[in-house]
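Numbering (my numbering), first residue to last: 74 to 673. For glycine and all other residues, C-beta sits at the position ideal for the given N, C-alpha and C. Remember, predicted model here, so these are calculated numbers, not experimental data. Comments concern the structure below.
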Amino acid sequence: MIPGALRAGPGPGAAVLAAILLAACRPIVPIAQTTPTPTEVGALATADQELWTGHWTAAERDYRKLLIAGNARAGSHLALLLVYEDRFVEAVSDARAAVQQSPDSDSYARLTRALDWSNEIPAAIAAGAQAVAATPVDPLAYDFYAEALADGGRFSEAEAQLRLAQSAARTPNERAETQREWSNYYRDRNRDSDAFNYVELAQASQPGFPERALELAAEYFADGAARRTDARALLDRFLKEPGDPAVLALAGDSAFAGGDAADSERFYRAALGVAPGDPAASLGLAELEMATKKDAQAARTVLLAALQRHPDAEAVAEYLRQLDALVLHAHDSIAAASAARDSERQSAYDSVNAGRQAVGLPGLKPDASLAAAAEAHAYYVLFNWGSPGLAGLGVHSEDQALPGFTGQNSAERDRHFGYPGFQSAEVLNHTFTASAAVEVWVDSVYHRLPLLGRESTGFGYGEAQVGSLAVNVMDFGVGVAQSAEPVVYPYQDQTGVPAGFVGNEVPDPAPNARYPVGYPITVAAGGADTLTIAGATVTPTGGSAVSVILDKPGLLDLDPNEAAILPAAPLVPGLVYTVKVRGLLDGRPWSDSWTFQVES
Numbered sequence: 074m075i076p077g078a079l080r081a082g083p084g085p086g087a088a089v090l091a092a093i094l095l096a097a098c099r100p101i102v103p104i105a106q107t108t109p110t111p112t113e114v115g116a117l118a119t120a121d122q123e124l125w126t127g128h129w130t131a132a133e134r135d136y137r138k139l140l141i142a143g144n145a146r147a148g149s150h151l152a153l154l155l156v157y158e159d160r161f162v163e164a165v166s167d168a169r170a171a172v173q174q175s176p177d178s179d180s181y182a183r184l185t186r187a188l189d190w191s192n193e194i195p196a197a198i199a200a201g202a203q204a205v206a207a208t209p210v211d212p213l214a215y216d217f218y219a220e221a222l223a224d225g226g227r228f229s230e231a232e233a234q235l236r237l238a239q240s241a242a243r244t245p246n247e248r249a250e251t252q253r254e255w256s257n258y259y260r261d262r263n264r265d266s267d268a269f270n271y272v273e274l275a276q277a278s279q280p281g282f283p284e285r286a287l288e289l290a291a292e293y294f295a296d297g298a299a300r301r302t303d304a305r306a307l308l309d310r311f312l313k314e315p316g317d318p319a320v321l322a323l324a325g326d327s328a329f330a331g332g333d334a335a336d337s338e339r340f341y342r343a344a345l346g347v348a349p350g351d352p353a354a355s356l357g358l359a360e361l362e363m364a365t366k367k368d369a370q371a372a373r374t375v376l377l378a379a380l381q382r383h384p385d386a387e388a389v390a391e392y393l394r395q396l397d398a399l400v401l402h403a404h405d406s407i408a409a410a411s412a413a414r415d416s417e418r419q420s421a422y423d424s425v426n427a428g429r430q431a432v433g434l435p436g437l438k439p440d441a442s443l444a445a446a447a448e449a450h451a452y453y454v455l456f457n458w459g460s461p462g463l464a465g466l467g468v469h470s471e472d473q474a475l476p477g478f479t480g481q482n483s484a485e486r487d488r489h490f491g492y493p494g495f496q497s498a499e500v501l502n503h504t505f506t507a508s509a510a511v512e513v514w515v516d517s518v519y520h521r522l523p524l525l526g527r528e529s530t531g532f533g534y535g536e537a538q539v540g541s542l543a544v545n546v547m548d549f550g551v552g553v554a555q556s557a558e559p560v561v562y563p564y565q566d567q568t569g570v571p572a573g574f575v576g577n578e579v580p581d582p583a584p585n586a587r588y589p590v591g592y593p594i595t596v597a598a599g600g601a602d603t604l605t606i607a608g609a610t611v612t613p614t615g616g617s618a619v620s621v622i623l624d625k626p627g628l629l630d631l632d633p634n635e636a637a638i639l640p641a642a643p644l645v646p647g648l649v650y651t652v653k654v655r656g657l658l659d660g661r662p663w664s665d666s667w668t669f670q671v672e673s
């Protein structure tokens with residue numbers, strides 16, 4: 074849900090496709106609906122109880138048995154478990170399939186969470202609206218919809234849903250989930266103390282559910298060394314027999330993310346003691362060996378052991394393949410390329426090109442060299458996670474002394490992998506699916522601009538993930554600068570535009586603003602042009618112009634041909650807004666006016 078995205082390199086161009094993604098992700102409701110039998114309800118409740126009590130391996134086994142037996146709702150409940158295990162591509166796929174089979178509030182609610190935690194916020198809001206419109210309403214639908222609304226900066230609506238959730242909650246999980254969503258609401262409003270209090274309340278309301286302890290442990294780790302003992306006490310309970318390997322691996326992920334390498338290794342090894350070769354624990358331990366010890370051979374040994382027991386573990390094979398190629402330089406790796414990774418890459422390409430088509434630009438051709446460079450850099454970031462040089466915009470640079478180095482900047486890396494050009498642009502973020510990565514780039518300022526660059530000549534996408542650590546990279550080849558009329562985004566008559574922008578972009582396009590602000594509007598002429606903005610207004614139909622933050626060309630991280638307009642507060646859902654911009658384009662008077670509609 075947090076972009077954490079960065080931009081580097083030349084950045085001509087304009088925008089892309091939030092509305093298209095929203096339309097593509099909106100579930101289609103079949104006419105026929107199903108009514109569960111008492112037997113189906115009981116079997117699903119038994120599997121849910123395993124989820125709530127921390128027996129996640131057993132829960133997944135039972136959900137899959139129910140799916141085979143034809144239980145229409147088992148897929149959405151399995152998707153929720155996969156979300157908690159950071160298996161987001163699977164979670165979204167299963168949740169969407171469940172909605173097709175059983176288009177009820179229960180299924181739409183879990184699709185909402187899968188999309189939201191995958192950072193596909195507009196699609197999550199759309200699914201959440203359907204979850205609370207269906208009858209009877211699953212109490213969790215109010216919570217998950219509130220979460221998506223808050224993550225989209227729509228706070229008054231989120232608060233209303235949380236009030237409904239409080240009234241509807243009956244079970245410990247429902248009460249704890251509402252408290253957890255109050256925490257998310259206050260976190261999005263930058264009220265960290267209130268957010269922390271509600272995480273504590275959620276854990277106290279449902280102490281047997283591992284997710285509550287994992288989230289509270291993350292809060293303790295974030296407080297620094299003073300609360301590390303508290304975090305360890307919460308996580309140590311997962312070591313009690315019989316430990317669940319999935320939960321133990323997540324405890325290892327939590328400790329690793331919190332900077333506690335020793336405890337992280339303890340949990341990963343405990344998981345492997347319960348389930349030798351467990352893919353999640355093996356990946357976590359291999360990442361720990363690389364990021365904290367720089368011991369590639371030890372990491373390789375762990376991964377090989379996992380593949381011996383789980384030869385179909387694609388994520389393990391992909392990490393091993395990259396480790397062999399980039400660090401050990403053993404290009405005869407036994408690991409094959411991941412078919413799932415190829416599918417994600419194509420999803421990213423399709424999303425970007427759909428957006429380019431929407432604003433009248435030609436699609437880009439995927440370039441294997443750019444894709445190899447992007448993926449190599451994603452793994453470089455993973456191999457060196459936590460290194461000081463990766464802070465801020467440093468995440469786009471590589472240090473020759475660190476494992477996985479292929480070039481100091483994106484242009485060098487692209488040439489290393491065979492790209493013949495000498496200019497490139499790169500965007501990077503930390504989401505869990507390719508479609509979410511593109512959506513996050515689109516729904517920002519600096520990262521939006523390269524995606525529709527007029528001078529872009531090709532692109533390549535790469536990603537890397539271990540547990541809750543994820544890196545998405547897209548590299549663009551950049552040709553000769555052109556002169557051209559500006560491209561604007563949102564574009565003329567676009568619908569489904571998000572209401573707000575929560576920030577978390579580096580560099581910050583509105584450093585003095587109080588987030589969330591309104592959805593970013595960008596203007597970009599050709600790379601050979603110089604743009605001057607004398608004034609800009611954003612006005613709802615029948616209303617007065619809203620206050621805006623104007624990022625002028627050549628300032629902050631904008632090039633001389635780029636400008637951004639950010640409404641100072643989130644836009645009103647459902648309203649049509651008119652944008653008027655005037656200034657100079659290469660010294661001659663220029664102006665433009667267009668409209669777009671905010672998602673309802």
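Check this for me: beta carbons of residue i and residue j, under 8 Å apart or not?
{"i": "residue 459", "j": "residue 225", "result": "no"}
{"i": "residue 570", "j": "residue 669", "result": "yes"}
{"i": "residue 246", "j": "residue 279", "result": "yes"}
{"i": "residue 544", "j": "residue 554", "result": "no"}
{"i": "residue 446", "j": "residue 492", "result": "yes"}
{"i": "residue 140", "j": "residue 165", "result": "no"}
{"i": "residue 335", "j": "residue 316", "result": "no"}
{"i": "residue 170", "j": "residue 148", "result": "yes"}
{"i": "residue 594", "j": "residue 652", "result": "yes"}
{"i": "residue 641", "j": "residue 596", "result": "no"}
For residue i and residue j, which I take to be in contact (beta-carbon distance under 8 Å), what is that distance rounded to the nearest angstrom?
{"i": "residue 249", "j": "residue 228", "result": "That belief does not hold up - the Cβ atoms of residue 249 and residue 228 are roughly 22 Å apart, past 8 Å."}
{"i": "residue 517", "j": "residue 497", "result": "Contact doesn't hold; Cβ gap of about 19 Å is too wide."}
{"i": "residue 301", "j": "residue 286", "result": "Between residue 286 and residue 301 the Cβ distance is about 15 Å, and since that is not below 8 Å, they are no contact."}
{"i": "residue 560", "j": "residue 528", "result": "Not quite, the Cβ-Cβ distance comes to about 12 Å (not below 8 Å), so this is no contact."}
Buried or exposed: which applies to residue i, given that a residue is buried once 16 or more other Cβ atoms fall within 10 Å of its Cβ?
{"i": "residue 179", "result": "buried"}
{"i": "residue 576", "result": "buried"}
{"i": "residue 143", "result": "exposed"}
{"i": "residue 620", "result": "exposed"}
{"i": "residue 624", "result": "buried"}
{"i": "residue 100", "result": "With a pLDDT of 34 at residue 100, under the threshold of 50, the modelled position of that residue is not reliable, and the figure given next carries that caveat. With 16 or more other Cβ atoms within 10 Å, it is buried."}
{"i": "residue 104", "result": "Because residue 104 sits at a pLDDT of 32, beneath the cut-off of 50, its placement in the model cannot be relied upon, and the following sentence gives the value as read from the coordinates. Exposed, since its Cβ has fewer than 16 Cβ neighbours within 10 Å."}
{"i": "residue 433", "result": "exposed"}
{"i": "residue 56", "result": "It is not possible to answer for residue 56, since the shown part of the chain is limited to 74 through 673."}
{"i": "residue 504", "result": "buried"}
{"i": "residue 584", "result": "exposed"}
{"i": "residue 521", "result": "buried"}
{"i": "residue 628", "result": "exposed"}
{"i": "residue 407", "result": "exposed"}
{"i": "residue 449", "result": "buried"}
{"i": "residue 479", "result": "buried"}
{"i": "residue 185", "result": "buried"}
Quick one: what's got a C-beta closer than 6 Å to residue i's C-beta in the same chain, skipping five residues either side?
{"i": "residue 294", "result": "304, 331"}
{"i": "residue 556", "result": "599, 601, 602"}
{"i": "residue 614", "result": "649"}
{"i": "residue 162", "result": "506"}
{"i": "residue 274", "result": "252"}
Between the options, which lies nearest to residue i when the distance is taken from Cα to Cα?
{"i": "residue 127", "options": "212, 314, 553", "result": "314"}
{"i": "residue 661", "options": "614, 566, 588, 558", "result": "558"}
{"i": "residue 649", "options": "618, 657, 284, 627", "result": "618"}
{"i": "residue 230", "options": "644, 655, 338", "result": "644"}
{"i": "residue 298", "options": "629, 118, 328", "result": "328"}
{"i": "residue 415", "options": "373, 665, 507", "result": "507"}
{"i": "residue 425", "options": "523, 412, 464, 369", "result": "523"}
{"i": "residue 671", "options": "567, 654, 596", "result": "567"}
{"i": "residue 214", "options": "452, 241, 192, 196", "result": "241"}
{"i": "residue 192", "options": "581, 159, 211", "result": "159"}
{"i": "residue 611", "options": "639, 630, 588", "result": "639"}
{"i": "residue 542", "options": "361, 441, 368", "result": "361"}
Excluding the 5 residues preceding and the 5 following residue i in the sequence, name in chain order all residues of the same chain whose CB lies nearer than 8 Å to its CB.
{"i": "residue 379", "result": "350, 351, 352, 355, 356, 386, 389"}
{"i": "residue 626", "result": "603, 604, 605, 606, 632, 633, 634, 635, 636"}
{"i": "residue 646", "result": "227, 230, 572, 671, 672, 673"}
In chain order, what residues of the same chain lie with their CB nearer than 7 Å to the CB of residue i, ignoring the 5 residues before and after it?
{"i": "residue 444", "result": "418, 533, 534, 535"}
{"i": "residue 339", "result": "none"}
{"i": "residue 133", "result": "151, 154"}
{"i": "residue 255", "result": "235, 271"}
Below 7 Å, is the gap between the Cβ of residue i and the nearest heavy atom of the ligand ATP?
{"i": "residue 545", "result": "This structure lacks the ligand ATP, and indeed carries no ligand of any kind."}
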